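Protein chains in written order, with this note's numbering: chain A, 1 to 206; chain B, 1 to 206; chain C, 1 to 206. Here the structure is laid out as structure tokens; the discussion comes afterwards.
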Amino acid sequence: MTPRSSRLIFVLDLAGTFVFALQGAGRAMDARLDLLGVLVISFAASLGGGILRDLLIDAAPPQALRDWRYPATAFAAGVAALLFHEVVHRIPGALLTGLDAAGLALFAIAGAQKALGYGLNALAAILMGGVTAVGGGVARDLLLNQAPSVLYADIYATAALAGALVMVAGRRLGLANGWAAGLGGLACFALRIAAVWFHWNLPSAA
Amino acid sequence: MTPRSSRLIFVLDLAGTFVFALQGAGRAMDARLDLLGVLVISFAASLGGGILRDLLIDAAPPQALRDWRYPATAFAAGVAALLFHEVVHRIPGALLTGLDAAGLALFAIAGAQKALGYGLNALAAILMGGVTAVGGGVARDLLLNQAPSVLYADIYATAALAGALVMVAGRRLGLANGWAAGLGGLACFALRIAAVWFHWNLPSAA
Amino acid sequence: MTPRSSRLIFVLDLAGTFVFALQGAGRAMDARLDLLGVLVISFAASLGGGILRDLLIDAAPPQALRDWRYPATAFAAGVAALLFHEVVHRIPGALLTGLDAAGLALFAIAGAQKALGYGLNALAAILMGGVTAVGGGVARDLLLNQAPSVLYADIYATAALAGALVMVAGRRLGLANGWAAGLGGLACFALRIAAVWFHWNLPSAA
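What follows is the structure, given as structure tokens:
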């Protein structure tokens, strides 16, 4: 990887962290938490998935603790949400959905790639993509004592797993790393947006 | 250990995984989760305890991620529960209780043994037996936003801890590995079944 | 560190464990758990924070599993709470608040120090102080299916983080280890007591 592309990935990673932290802060304010509570939820929502992934793939201490810029980004998003919550509430829903889908794609691909790099098998790497992408949202909902929305959301974790699957399959088929990641991310993003747009659901027993 | 007995243990382990995943899937369907939610709960209910144990005893990445047959078994149970939920609902309660008690015994013994193998002390190994046996059920209930039933159930985790205690004590007293494991597993199974049969409860302050 | 001061720290650590376990047991009895449930909550409330810290800083197996005196202390507190719950209920609230603030200070400083010892950066060490101090309370509340009170409590986790910050800053400024720890612990304790006394709150969006 060239220094420039690795720098781009780092910036994208922080951007995804910011988006998920902002969302988490919004949910924390809805639950009437104070400043500290909002910061805790911002941290958990944006970095919880990557932390769980790093524990599972034996990469402790997690990236979020090795590099202070990750928690700093999460806390900055929490403070921004508190200071400008009027502005945050006025962001159009479509833009939020798009940013969220982009963060989902980014985290799913980055998580699956890191798991492959640590020697995990293909199935485990795909699962780690899912954990990275939605683990933070689960931590956020558990801390707010709410049922994890990801278990009820239309094709959300499914999109993350599908994107990770495309990436892992692409690498197995001999695609260059960047192409596999790009295809996987696009698959996740497109599936998530399509699911929201067309109200796609997975089957259930009920 | 002979290859044959180690193969038997592996098959039993997958069988226990299947039983706990099937139960988890049933609970997830009751909570009206969709296909993905059912698979997530199947995974967490059957493999969450072993994953937590492996993190605690410093055996990351956990067995459930090293060997794809564990998640595959959990997901197969989730799919089976969705496809044949009419059949699953008609399984007699006594059979379910027996299978569950067998899975509990198996996981408790396997967990305590693995902890001893990683050099933990006797008390920690017994606790790891309990974590392996009931950790998945706790993860399942937390994800479903329900109070962990294991904290309220009549002599459930207690049976797991008792079985692990018997196993660890047996090995301390010089019993062969297989005998200690067999005695411990039997103790857990018998205590659990007796507790259900005779409605035994632990004392409480209330 | 002299053997005598290291022995003092160990005794204080067990004392903090006892206090948090006693509190946890009280909450478990309020929730009508049985003996096993009370012991589980005693364990999680007093040792859960340190266990999570040890997983995050790559110190597995956690101290609570390496040294049997930690779980033994937690379980002893749980049994004491069950046997003498009339007595426990009659402990004056001011004394409980003081003991709790002392335990909070102790755990925050010990957690941040251990994180520094494992090579984490200053921000991560401060966060680990917070995790050690309040992680057990979060585990307790999650297991009881209640919203984590630490996210709503007036300046509780904040006091832990402030104490850890003072300790880390003191060491950066060249203070001796003992002085930095003492100052940090005092800051945490004083801030917590003052917050209770004067009903201080953090700002919130609401």
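All C-beta atoms in this analysis are idealised placements derived from N, C-alpha and C, irrespective of residue type, glycine included. Note that the structure is predicted; figures quoted are calculated from it, not measured.
**Message:** Is the separation between the beta-carbon of alanine 139/A and that of aspartate 58/C shorter than 7 Å?
**Reply:** For the purposes of this step, residue 139/A is taken as the residue at position 139 of the first sequence. For the purposes of this step, residue 58/C is taken as the residue at position 58 of the third sequence. Their beta carbons are not under 7 Å apart, which means alanine 139/A does not touch aspartate 58/C by this criterion.
**Prompt:** According to DSSP, is aspartate 34/C helix, strand or coil?
**Reply:** In the third sequence, the residue the question calls residue 34/C occupies position 34. Looking at aspartate 34/C - three-state DSSP - the assignment turns out to be strand.
**Asked** Counting contacts by CB-CB distance shorter than 7 Å, is asparagine 177/A in contact with chain B?
**Response** The residue given as residue 177/A occupies position 177 in the first sequence. Not one chain B Cβ lies under 7 Å of asparagine 177/A.
**Asked** Would you call the CB atoms of isoleucine 193/A and alanine 102/A closer than 7 Å?
**Response** Reading the first sequence from its first residue, position 193 is the one you call residue 193/A. Reading the first sequence from its first residue, position 102 is the one you call residue 102/A. Their beta carbons are not under 7 Å apart, which means isoleucine 193/A does not touch alanine 102/A by this criterion.
**Prompt:** If you draw a straight line from the C-alpha of valine 87/C to the C-alpha of alanine 195/A, how long is it?
**Reply:** The residue given as residue 87/C occupies position 87 in the third sequence. The residue given as residue 195/A occupies position 195 in the first sequence. Rounded to whole angstroms, valine 87/C to alanine 195/A spans 58 Å at the Cα level.
**Prompt:** Would you say asparagine 121/B reaches chain A, if we count a Cβ-Cβ gap shorter than 7 Å as a contact?
**Reply:** The count along the second sequence starts at 1 and reaches residue 121/B at position 121. Judged by the 7 Å Cβ criterion, asparagine 121/B is not in contact with chain A.
**Prompt:** With distances taken from CA atoms, which of Asn145/C, Leu123/C and Ala15/C is nearest leucine 33/C?
**Reply:** As a first step, residue 33/C must be located in the third sequence, where it is residue number 33. Here the closest residue by C-alpha is Asn145/C.
**Residue nearest to glycine 163/C in terms of C-alpha spacing, selected from Ala147/C, Gly135/C, Leu127/C and Gly136/C** = By one-based count along the third sequence, residue 163/C stands at place 163. Here the closest residue by C-alpha is Leu127/C.
**Message:** I want to check one thing, is the minimum distance from the CB of leucine 175/B to the heavy atoms of the ligand GDP below 6 Å?
**Reply:** As far as ligands go, the structure on display features none, and thus does not contain the ligand GDP.
**Item:** Three-pair Cβ contact test at 8 Å for the region 160-178 of chain B versus the region 105-123 of chain B
**Value:** yes
**Request:** Name the residue from Leu99/B, Gly16/B, Pro62/B and Ala72/B whose alpha carbon lies nearest to the alpha carbon of leucine 120/A.
**Result:** One-based indexing of the first sequence puts residue 120/A at position 120. Ranking the options by Cα distance to leucine 120/A, first place goes to Pro62/B.
**Request:** Report the rounded CA-to-CA distance for leucine 143/C versus leucine 175/A, giving the unit in angstroms.
**Result:** On the third sequence, residue 143/C is found 143 positions in, with the first residue counted as 1. On the first sequence, residue 175/A is found 175 positions in, with the first residue counted as 1. Roughly 45 Å separates the two Cα atoms.
**Asked** Taking the alpha helix (DSSP H) that tyrosine 152/B falls in, what are its first and last residues?
**Response** Here residue 152/B corresponds to residue number 152 of the second sequence, with the count starting at 1. No alpha helix (DSSP H) contains tyrosine 152/B, which DSSP labels as neither H nor E.
**Request:** Note down the Cα distance separating arginine 69/B from alanine 125/A, rounded to an integer number of angstroms.
**Result:** Along the second sequence, read from residue 1 onward, the residue named residue 69/B stands at position 69. Along the first sequence, read from residue 1 onward, the residue named residue 125/A stands at position 125. Approximately 14 Å between the Cα atoms of the pair.
**Prompt:** Are glycine 135/B and serine 46/B touching if we call contact CB-CB under 7 Å?
**Reply:** Against the second sequence, residue 135/B aligns to sequence position 135. Against the second sequence, residue 46/B aligns to sequence position 46. No, the pair does not count as a contact, with Cβ atoms beyond the cut-off.
**Message:** Determine whether the beta carbon atoms of glycine 16/B and alanine 28/B lie at a separation below 7 Å.
**Reply:** On the second sequence, residue 16/B is found 16 positions in, with the first residue counted as 1. On the second sequence, residue 28/B is found 28 positions in, with the first residue counted as 1. Cβ atoms of glycine 16/B and alanine 28/B: not closer than 7 Å.
**Request:** Rank Ala190/A, Ala76/A and Leu35/A by C-alpha distance to the C-alpha of valine 19/A and give the top, closest one.
**Result:** For the purposes of this step, residue 19/A is identified with residue 19 of the first sequence, where counting begins at 1. Considering only alpha carbons, the answer is Ala76/A.
**Message:** Strictly by DSSP, which residues pair up with serine 204/C?
**Reply:** Reading the third sequence from its first residue, position 204 is the one you call residue 204/C. Answer by DSSP bridge pairing, in chain order: Asp34/A.
**Asked** Is it true that the CB of proline 203/C sits closer than 7 Å to the CB of leucine 191/A?
**Response** To locate residue 191/A, count along the first sequence from 1; it is residue 191. To locate residue 203/C, count along the third sequence from 1; it is residue 203. Result no, Cβ atoms of leucine 191/A and proline 203/C do not sit closer than 7 Å.
**Prompt:** For aspartate 141/C, does the count of other Cβ atoms within 10 angstroms reach 16, so buried, or fall short, so exposed?
**Reply:** For the purposes of this step, residue 141/C is taken as residue 141 along the third sequence, with counting starting at 1. By the 10 Å Cβ count, aspartate 141/C comes out buried.
**Asked** If you draw a straight line from the alpha carbon of alanine 80/A to that of glutamine 23/A, how long is it in whole angstroms?
**Response** Residue numbering aside, residue 80/A sits at position 80 when the first sequence is read from its first letter. Residue numbering aside, residue 23/A sits at position 23 when the first sequence is read from its first letter. Taking the straight line from one Cα to the other gives about 11 Å.
**Request:** Could you name the residues of the region 77-101 of chain B whose beta carbon sits closer than 7 Å to any beta carbon of chain A, in the order they occur along the chain?
**Result:** Cβ proximity to chain A below 7 Å picks out Leu82 and His85 from the region 77-101 of chain B.
**Item:** Assigned secondary structure, alanine 176/B (DSSP; H/G/I helix, E/B strand, else coil)
**Value:** Position 176 of the second sequence, counted from the start, is the residue given in the question as residue 176/B. When secondary structure is reduced to three states using DSSP, alanine 176/B falls in the coil class, being assigned neither helix nor strand.
**Message:** Using only the alpha-carbon positions, how far apart do glycine 185/B and isoleucine 51/C sit?
**Reply:** On the second sequence, residue 185/B is found 185 positions in, with the first residue counted as 1. On the third sequence, residue 51/C is found 51 positions in, with the first residue counted as 1. So the two alpha carbons sit approximately 28 Å from each other.
**Asked** Got a sec? Which residues, its chain only, sit under 6 Å from leucine 39/A by beta carbon, not counting five neighbours each side?
**Response** In the first sequence, the residue the question calls residue 39/A occupies position 39. Excluding positions up to five away in sequence, the list reads Phe75 and Gly78.
**Prompt:** Relative to chain C, which residues along the region 10-43 of chain A have a C-beta separation below 7 Å, given in chain order?
**Reply:** Interface annotation for the region 10-43 of chain A against chain C: Met29, Arg32, Leu33, Asp34, Leu35, Leu36, Gly37 and Val40, criterion Cβ-Cβ distance under 7 Å.
**Residues from the region 103-117 of chain C in contact with chain A, defined by Cβ distance under 8 Å** = none
**Asked** Is arginine 172/C buried or exposed, if buried means 16 or more other CB atoms sit within 10 Å of its CB?
**Response** The residue given as residue 172/C occupies position 172 in the third sequence. Counting Cβ neighbours within 10 Å, arginine 172/C comes out exposed, since fewer than 16 surround it.
**Prompt:** alanine 187/B and valine 168/B: beta carbons closer than 7 Å?
**Reply:** Taking the second sequence and counting its residues from 1, one reaches residue 187/B at position 187. Taking the second sequence and counting its residues from 1, one reaches residue 168/B at position 168. Result no, Cβ atoms of alanine 187/B and valine 168/B do not sit closer than 7 Å.
**Message:** Cβ closer than 8 Å: which chain C residues qualify as neighbours of proline 71/A?
**Reply:** In the first sequence, residue 71/A corresponds to position 71, counting from 1. Under a criterion of Cβ atoms nearer than 8 Å, the residues of chain C adjacent to proline 71/A are, in order, Leu123, Ala124 and Leu127.
**Prompt:** Nearest-angstrom Cα distance between alanine 122/C and alanine 94/B?
**Reply:** Indexing the third sequence from 1 puts residue 122/C at position 122. Indexing the second sequence from 1 puts residue 94/B at position 94. Distance between the alpha carbons of alanine 122/C and alanine 94/B is about 56 Å.
**Message:** Suppose you measure from the CA of proline 92/B to the CA of alanine 31/C; what does that come to, to the nearest Å?
**Reply:** Start at 1 with the first residue of the second sequence, and residue 92/B comes out as number 92. Start at 1 with the first residue of the third sequence, and residue 31/C comes out as number 31. Going by the C-alpha atoms only, they are around 32 Å apart.
**Asked** isoleucine 155/C: which of Asp54/C, Leu104/C, Ala64/C and Arg66/C sits nearest, CA to CA?
**Response** Sequence index remark: in the third sequence, residue 155/C carries index 155 (1-based). If we check each option's Cα against that of isoleucine 155/C, Leu104/C comes out closest.
**Asked** Measuring CA to CA, which of Thr132/B, Leu65/B and Gln113/B is closest to asparagine 177/B?
**Response** Start at 1 with the first residue of the second sequence, and residue 177/B comes out as number 177. Checked all of Thr132/B, Leu65/B and Gln113/B; the closest Cα to asparagine 177/B is Gln113/B.
**Request:** Can you pull the chain C residues whose beta carbon is under 9 Å from the beta carbon of proline 203/B, in chain order?
**Result:** Stepping through the second sequence from its first residue, residue 203/B is reached at position 203. Neighbours of proline 203/B on chain C, chain order: Asp34, Leu35 and Leu82.
**Prompt:** What span of residues does the alpha helix (DSSP H) with alanine 59/A cover, start to end?
**Reply:** Position 59 of the first sequence, counted from the first residue, corresponds to residue 59/A. It is not in any alpha helix (DSSP H) - alanine 59/A carries neither H nor E in the DSSP assignment.
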